[in-house]
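In our numbering, the protein residues as written are 196 to 568.
A virtual CB, placed ideally from N, CA and C, is assigned to each residue, including glycine.
Here is the structure we will look at, set down as structure tokens.
See the structure below:
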């Protein structure tokens, strides 16, 4: 693997299970194994010895790892790789496919990642631009962008965070409705629509705006909310009845927010492109249901707390993705103080183009981190 970035290997194989390492493979075995995986990523089909012989010949002018390789020689090597648990035959007469363990060995030691193309970099920079958009809007656009570039499902998890606030404002929308606008010190904007009493005068919204901004400026919502609620309950707050209702509605709109944060998944249809039967479809439905609960994803974000780079989950290494035979490439994103804010990545079939997608996810996470400030 190249040095474009760091990533953290992930495995659920268990400490007692033997995991082949590159040093156990001869140069010839490594060349054949790499070619099988690259062909699988490209086509998704099993690779036979004759196809491999032709492919290796084109790549090396007929000479590879010390000599020309015949189909018989390749078959012997493939049998050895299968015995090591790196390949398997989906059918008796078929070629070979890499196992999850084989894909892990390839990603950890044989794959070479390069930098992003200028077009990809420009697309990510443009789609993630924060000007005039709230953080949820930026994350939603980044997820759509990753899905489009990777042809996988894009995913972002933004845990509920408490960042120091700069300003809170209530804006009249129409009869019985108002918009609560919260601006953080980092310049990110979040909005909520709340119900307010019919016929509410604009002066009540202004009074509520001034009251909350004074008490929350430079503090997190969690730090100031309890104090404000005590003031409201004891009637020590210098607010009229209508302004008090507006303040309570504004606070409640954030209190109702799911403590597990916002999960955004876009481009799920890409996962259907490799579906070949009812069984595959049912496994994907189970994956979507699990994603909606967020519990497993939160565990991945918690694991990202100790990771400095991209994390890769291949098939059965993780219960969440192994169920559907999928893989995931996920990177944490952090603010300027290196605090973990969330994670972004893609979910796709196990044959995703890891070499291209890893730097794409890594760069996107860094762009979002810069936006957070």
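Have a look at residue i and residue j and give me their C-alpha separation to the nearest angstrom.
i, j, result
"residue 230", "residue 247", "7 Å"
"residue 335", "residue 372", "25 Å"
"residue 480", "residue 515", "12 Å"
"residue 301", "residue 389", "52 Å"
"residue 511", "residue 448", "39 Å"
"residue 315", "residue 530", "23 Å"
"residue 476", "residue 220", "37 Å"
"residue 258", "residue 278", "Residue confidence for residue 258 is low, a pLDDT of 46 falling below 50, so the modelled location carries little weight and cannot support an answer."
"residue 544", "residue 237", "12 Å"
"residue 380", "residue 276", "56 Å"
"residue 305", "residue 235", "15 Å"
"residue 394", "residue 369", "9 Å"
"residue 358", "residue 564", "14 Å"
"residue 264", "residue 232", "18 Å"
"residue 270", "residue 252", "15 Å"
"residue 320", "residue 274", "46 Å"
"residue 329", "residue 426", "30 Å"
"residue 575", "residue 525", "There is no way to answer for residue 575, as the model of the chain reaches only from 196 to 568."
"residue 340", "residue 464", "14 Å"
"residue 338", "residue 547", "17 Å"
"residue 522", "residue 418", "39 Å"
"residue 420", "residue 443", "10 Å"
"residue 385", "residue 377", "5 Å"
Which residue marks the beginning of the beta strand (DSSP E) containing residue i, and which one marks its end?
i, result
"residue 527", "521 to 529"
"residue 387", "384 to 390"
"residue 351", "348 to 353"
"residue 364", "360 to 369"
"residue 544", "535 to 544"
"residue 376", "372 to 379"
"residue 506", "505 to 509"
Quick one: residues in its chain with C-beta nearer than 6 Å to the C-beta of residue i, no 5 flanking neighbours on either side, listed in chain order?
i, result
"residue 249", "none"
"residue 387", "375 and 448"
"residue 204", "Confidence in residue 204 is poor, its pLDDT being 47 and thus under 50, which makes the residue's placement unreliable; the coordinate value appears in the next sentence. Contacts found: 303."
"residue 142", "Here the chain has residues from 196 to 568 only, and residue 142 is not among them."
"residue 228", "276"
"residue 345", "541 and 552"
Taking the continuous alpha helix (DSSP H) assigned at residue i, which residues delimit it?
i, result
"residue 554", "549 to 567"
"residue 343", "330 to 345"
"residue 232", "222 to 238"
"residue 297", "295 to 300"
"residue 153", "It is not possible to answer for residue 153, since the shown part of the chain is limited to 196 through 568."
"residue 271", "266 to 278"
"residue 428", "416 to 429"
"residue 322", "313 to 322"
If you drop the 5 nearest sequence neighbours on each side, which residues of the same chain put their C-beta closer than 8 Å to that of residue i?
i, result
"residue 261", "Residue confidence is low: residue 261 scores 45 on pLDDT, short of 50, so the model does not pin down where it sits. Its coordinate-derived value is still stated next. For residue 261, where only same-chain residues beyond five positions count, the Cβ hits under 8 Å are 222 and 223."
"residue 424", "446"
"residue 285", "241 and 292"
"residue 415", "357, 358, 359 and 360"
"residue 392", "371, 437 and 440"
Sorted by chain position, which residues of the same chain lie with C-beta nearer than 7 Å to residue i's C-beta, five sequence neighbours on each side aside?
i, result
"residue 534", "none"
Given 8 Å, three or more beta-carbon pairs between the stretch 282 to 300 and the stretch 238 to 245: Yes: at least three Cβ pairs fall under 8 Å.
The stretch 404 to 424 touching the stretch 358 to 367, judged by at least three CB pairs closer than 8 Å: Because the criterion of three Cβ pairs below 8 Å is met, the stretch 404 to 424 and the stretch 358 to 367 touch.
At least three beta-carbon pairs within less than 8 Å, the stretch 538 to 545 to the stretch 345 to 354: Result yes; three or more Cβ-Cβ pairs closer than 8 Å.
The stretch 436 to 443 touching the stretch 457 to 465, judged by at least three CB pairs closer than 8 Å: Here the stretch 436 to 443 does not lie against the stretch 457 to 465, with fewer than 3 beta-carbon pairs under 8 Å apart.
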